[in-house]
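Undergrad: In order, the protein sequences belong to chains E and G. Its first residue numbered 1, the first sequence is counted upward by one per residue in full-length UniProt numbering. Its first residue numbered 1, the second sequence is counted upward by one per residue in full-length UniProt numbering. Glycine included, C-beta positions come from ideal geometry on N, C-alpha and C.
Protein chains: 2
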Amino acid sequence: MALHWGICSAGKISHDFVCALSTLDPTLHSVMAVAARSAERSRKFAELHQIPKSYASYEELASDDSIDIVYIGSINTEHLSLSKLFLNHNKNILCEKPMALNVKQLTEIQSLAKEKNLFCMEAVWSQFFPIYQKIREIIASREIGEVQIAQATFCLPILTKDHVAMKELGGGVMYSLGMYTAQFAMMVFGDETPKSVSVSGHLTPEGVDSGANITLLYPNNKMATLVYSGICRMSNVAEVGCTEGKIKIYPFWCPTHMEVTHTKTGRTDQFQFPLPDSNVKPFYDNATGLRHEAEL
Amino acid sequence: MALHWGICSAGKISHDFVCALSTLDPTLHSVMAVAARSAERSRKFAELHQIPKSYASYEELASDDSIDIVYIGSINTEHLSLSKLFLNHNKNILCEKPMALNVKQLTEIQSLAKEKNLFCMEAVWSQFFPIYQKIREIIASREIGEVQIAQATFCLPILTKDHVAMKELGGGVMYSLGMYTAQFAMMVFGDETPKSVSVSGHLTPEGVDSGANITLLYPNNKMATLVYSGICRMSNVAEVGCTEGKIKIYPFWCPTHMEVTHTKTGRTDQFQFPLPDSNVKPFYDNATGLRHEAEL
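(1) Which residues, taken in chain order from the stretch 224 to 253 of chain G, show a beta carbon closer than 7 Å to some beta carbon of chain E?
(2) Go ahead and pull the three-state DSSP assignment for G/Ser235.
(3) How about G/Ser54 and G/Ile72: are their beta carbons less than 8 Å apart?
(4) Taking the beta strand (DSSP E) that G/Phe163 falls in, what are its first and last residues?
(5) Can you find a C-beta in chain E that's less than 8 Å from the C-beta of G/Ile138?
(6) For E/Thr225, which three-state DSSP category applies?
(7) Ignore the nearest five residues each way along the sequence and tell me which others in G/Leu112's own chain have a CB closer than 7 Å to its CB.
(8) Skipping 5 residues on each side, what residues in its chain have a beta carbon closer than 8 Å to that of E/Ala2?
(9) Would G/Ala39 be called buried (16 or more neighbouring beta carbons within 10 Å of its own) or exposed?
(10) Are there three or more Cβ pairs, one per stretch, closer than 8 Å when the stretch 257 to 272 of chain E is compared with the stretch 177 to 191 of chain E?
(11) Mind listing the chain G neighbours of E/Ile149? Cutoff is C-beta to C-beta under 7 Å, in chain order.
(12) Just the chain G side, please: which residues come within less than 8 Å of E/Leu217 by C-beta, in chain order?
(13) If E/Pro282 sits next to E/Cys19, beta carbons under 8 Å apart, how far is it from one beta carbon to the other, in whole angstroms?
(14) In terms of DSSP beta bridges, what is G/Ser196 paired with?
(15) Let me see if you follow: with CB-CB separation under 8 Å, is G/Thr256 close to chain E or not?
(16) So, E/Val197 versus E/Val240, is the Cβ gap smaller than 8 Å?
(17) Give the DSSP-derived three-state secondary structure of E/Ser210 in the structure shown.
(18) For G/Met121, write down the residues that DSSP places opposite it in a beta bridge.
(19) Counting only C-beta atoms, is E/Ser111 closer than 8 Å to chain G at any point?
(20) Could you please give me the residues that DSSP links to E/Gly11 through a beta bridge?
(21) Just curious, the beta strand (DSSP E) that G/Ser54 is in, first and last residue?
(22) So which of E/Lys264, E/Ile247, E/Ser235, E/Gly245 has the shortest CA-CA distance to G/Thr268?
(23) Count the CB pairs spanning the stretch 164 to 177 of chain E and the stretch 286 to 295 of chain E that are closer than 8 Å, and state whether there are at least three.
(24) Could you list the residues in the stretch 30 to 45 of chain G with a C-beta less than 9 Å from some C-beta on chain E, going in chain order?
(25) Return the residue from the list E/Leu21, E/Ser22, E/Asp65, E/Glu78 that minimises the CA-CA distance to E/Ala36.
(26) For E/Ala140, does the count of other Cβ atoms within 10 angstroms reach 16, so buried, or fall short, so exposed?
(27) Using CA atoms only, rank isn't needed, just tell me which of G/Leu217, G/Gly230, G/Ala224 is closest to E/Gln223.
(28) Alpha carbon to alpha carbon, how far is G/Thr243 from E/Ser233? Give it in angstroms, no decimals.
(29) Report the neighbours of E/Thr27 on chain G: residues whose CB is nearer than 9 Å to its CB, in chain order.
(30) Identify the continuous alpha helix (DSSP H) that holds G/Ser63 and give its terminal residues.
(31) Name, please, each residue of chain E whose Cβ falls closer than 9 Å to the Cβ of G/Asn286.
(32) Short check: CB of G/Cys155 to CB of G/Tyr250, under 8 Å?
(33) Name the two residues that bound the continuous alpha helix (DSSP H) containing G/Gln148.
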């Protein structure tokens, strides 16, 4: 039986998430309804994506008994209240990152989900890409030795957008880009806990972070070095340095390419993981890769 | 008339420097003598590179009146005393990096050179590569906008070597690899002074640095992010992120490849700067590029 999705908010990321769902088996994933604050936007979104129902309020979506799980694609400042709304209506939720703006908010959401016995996940889509799974396997197999360094850079000129630049909209480049570099380090080092975390970066006059360089120091000389900035564009690759080789992936937050180099032989193996196209064109690069987090 | 070179020490880097000199016009650069502590090593080095004279002590080289300039390729701990020896014998010097182990030593060498009115330079070869000159031109022309980020990574498994691992031999990975990332940032940001410098890294039980992540914060949201490690190998590229494009070079400390990407058009221009071969095979990658610092 198909999982019945509800889509909360008709913005760009919701658009792309529905594009991604459309590439999956329709007997497994079916979008039943969309909700936005504007009836017009909601209706247009439903029309474009051929969604049966459109609502002009999130409360209506929460009250729709046909929905199993709600995808929350609204702006950051609404994640707390919307997560609570849907959980309180016994809906499972997949909430765009950042799920909350601080630990206190996050704990509140998690406690409620636990109390209600509902599925509740932050949509860190990178973690579900086949390449991430492959990296976990390579690291576990130690075929290129032991991990020493994880490095990720994510710089795009997004500080021009209000929802990134303005503190009152839950802005800050760490929430938009920096978190991707952090999740990469956490994936590479798995259960290991850093013995120190250092951050050095800039704040804008509006009081949001524009970019930073982060160091996570782990025991045994291991480290993660993470760079993000909302001001200009960089190559945005990530690498894992191991004692007997290295792994390089790009674009690292939604990777389709991986290179694994064996230091001793100099051999580099190339891996390609192409993504399907959707009928409706997505806004963001490799956005049909959002399908992987829905398949979980 | 040819510049008459003396070579101080018969190690790998001296070997490579002489290979590089051999690719230059012999009427402009001529190696007259080599000196090492062992007569046998000195003689073999002279034979291999067809150098007229070989000495079994640095003092003999210093006393050779036919020498205009001495290349000092000895281990780090000897740079101070050897620089002073040659300057005191009125020889110009080109000394391998690090020229000294601390600022006090460096000031001593520089003062002596100034007093004697002699040429005295640290052999930071990267700075003389044609690609570095090209980067300076691109930055000055602002053809891809204003510089925002400089990023360089230099990781090679060199902590296995005594002269890197042992403090009493002037070891430490900053001296061997980290300094290359720092000179890259200094080149990119030219006369600008960082408003803060942060370093987070590891020390080995022997008390030398094994690797670190360095942040230089400059005014107006600009930053340099520098990573080095002596434990494993990474791709070791450097990038300059500008408001309207980016520059990528590799291998960044001795580059033969450059890519310049214009953000607006998506166009990437490729530049290749091949290096000549020498008759005797060098030890290090792209080592004939050492010729550029001799040509200065």
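TA: Result, derived from the coordinates:
(1) Thr225, Val227, Ser229, Ile231, Cys232, Arg233, Met234, Ser235, Glu239, Gly241, Cys242, Thr243, Lys246, Lys248
(2) Reading the second sequence from its first residue, position 235 is the one you call residue 235 of chain G. G/Ser235 sits in coil when the DSSP states are folded into three classes, being neither helix nor strand.
(3) For the purposes of this step, residue 54 of chain G is taken as the residue at position 54 of the second sequence. For the purposes of this step, residue 72 of chain G is taken as the residue at position 72 of the second sequence. No, they are not a contact pair.
(4) To locate residue 163 of chain G, count along the second sequence from 1; it is residue 163. Per the sequence shown, the amino acid found at residue 163 of chain G is His instead of Phe. From DSSP, G/His163 is part of no beta strand (DSSP E) but of the alpha helix (DSSP H) over 162 to 165.
(5) Taking the first residue of the second sequence as position 1, residue 138 of chain G is located at position 138. Chain E contact via Cβ: absent.
(6) Your numbering for residue 225 of chain E matches position 225 in the first sequence. Strand.
(7) Within the second sequence, the letter at position 112 stands for residue 112 of chain G. Around G/Leu112: Lys84, Leu87.
(8) The residue you call residue 2 of chain E lines up with position 2 of the first sequence. Once the five neighbours on either side are set aside, the close Cβ partners of E/Ala2 are Pro26, Thr27, Leu28, His29, Ser30.
(9) One-based indexing of the second sequence puts residue 39 of chain G at position 39. Result: exposed.
(10) Result no; under three Cβ-Cβ pairs closer than 8 Å.
(11) Here residue 149 of chain E refers to the residue found at position 149 when the first sequence is read from its first residue. Near E/Ile149 (Cβ distances below 7 Å), the residues of chain G are Cys155, Ser229, Cys232, Met234.
(12) What you label residue 217 of chain E is simply residue 217 of the first sequence in a count that begins at 1. The contacting residues are Ser200, Gly201, His202.
(13) Numbered from 1 along the first sequence, position 282 holds the residue referred to as residue 282 of chain E. Numbered from 1 along the first sequence, position 19 holds the residue referred to as residue 19 of chain E. The Cβ separation is near 4 Å, so the contact holds.
(14) Translated into the one-based positions of the second sequence, residue 196 of chain G becomes position 196. Checking the DSSP bridge columns, you'll see G/Ser196 partnered with G/Leu217.
(15) Counting from 1 along the second sequence, the entry for residue 256 of chain G is found at position 256. Look at G/Thr256: its C-beta is not under 8 Å from any C-beta on chain E.
(16) Within the first sequence, numbered from 1, the residue matching residue 197 of chain E stands at position 197. Within the first sequence, numbered from 1, the residue matching residue 240 of chain E stands at position 240. No, they are not a contact pair.
(17) If you number the first sequence from 1, residue 210 of chain E lands on position 210. In this structure, E/Ser210 counts as strand in the three-state DSSP scheme.
(18) In the second sequence, the residue the question calls residue 121 of chain G occupies position 121. BP columns for G/Met121 point to G/Leu94.
(19) What you label residue 111 of chain E is simply residue 111 of the first sequence in a count that begins at 1. At a cut-off of 8 Å between beta carbons, E/Ser111 makes no contact with chain G.
(20) Numbered from 1 along the first sequence, position 11 holds the residue referred to as residue 11 of chain E. In DSSP, E/Gly11 forms no bridge with anything.
(21) Taking the first residue of the second sequence as position 1, residue 54 of chain G is located at position 54. Looking at the DSSP string, the run of the beta strand (DSSP E) that includes G/Ser54 is 53 to 55.
(22) Your numbering for residue 268 of chain G matches position 268 in the second sequence. Residue E/Ser235 is the option with its Cα nearest to G/Thr268.
(23) no
(24) Of all residues in the stretch 30 to 45 of chain G, none places a beta-carbon less than 9 Å from a beta-carbon of chain E.
(25) For the purposes of this step, residue 36 of chain E is taken as residue 36 along the first sequence, with counting starting at 1. It is E/Glu78.
(26) Counted from its first residue, the first sequence places residue 140 of chain E at position 140. E/Ala140 should be labelled exposed.
(27) Sequence index remark: in the first sequence, residue 223 of chain E carries index 223 (1-based). Looking at the sequence shown, residue 223 of chain E is not Gln but Met. The shortest C-alpha separation from E/Met223 is found at G/Gly230.
(28) By 1-based counting over the first sequence, the position of residue 233 of chain E is 233. By 1-based counting over the second sequence, the position of residue 243 of chain G is 243. The question names Ser, but residue 233 of chain E in the sequence shown is Arg. Computed Cα separation, rounded: 8 Å.
(29) Reading the first sequence from its first residue, position 27 is the one you call residue 27 of chain E. By Cβ distance, chain G contributes nothing, its closest Cβ being about 39 Å from E/Thr27, past 9 Å.
(30) The count along the second sequence starts at 1 and reaches residue 63 of chain G at position 63. Here the alpha helix (DSSP H) through G/Ser63 covers 58 to 63.
(31) The count along the second sequence starts at 1 and reaches residue 286 of chain G at position 286. Chain E residues near G/Asn286: none, gap ~16 Å exceeds 9 Å.
(32) As a position in the second sequence, residue 155 of chain G is number 155, starting the count at 1. As a position in the second sequence, residue 250 of chain G is number 250, starting the count at 1. No, they are not a contact pair.
(33) Indexing the second sequence from 1 puts residue 148 of chain G at position 148. Per DSSP, G/Gln148 belongs to no alpha helix (DSSP H); it is in the beta strand (DSSP E), 147 to 155.
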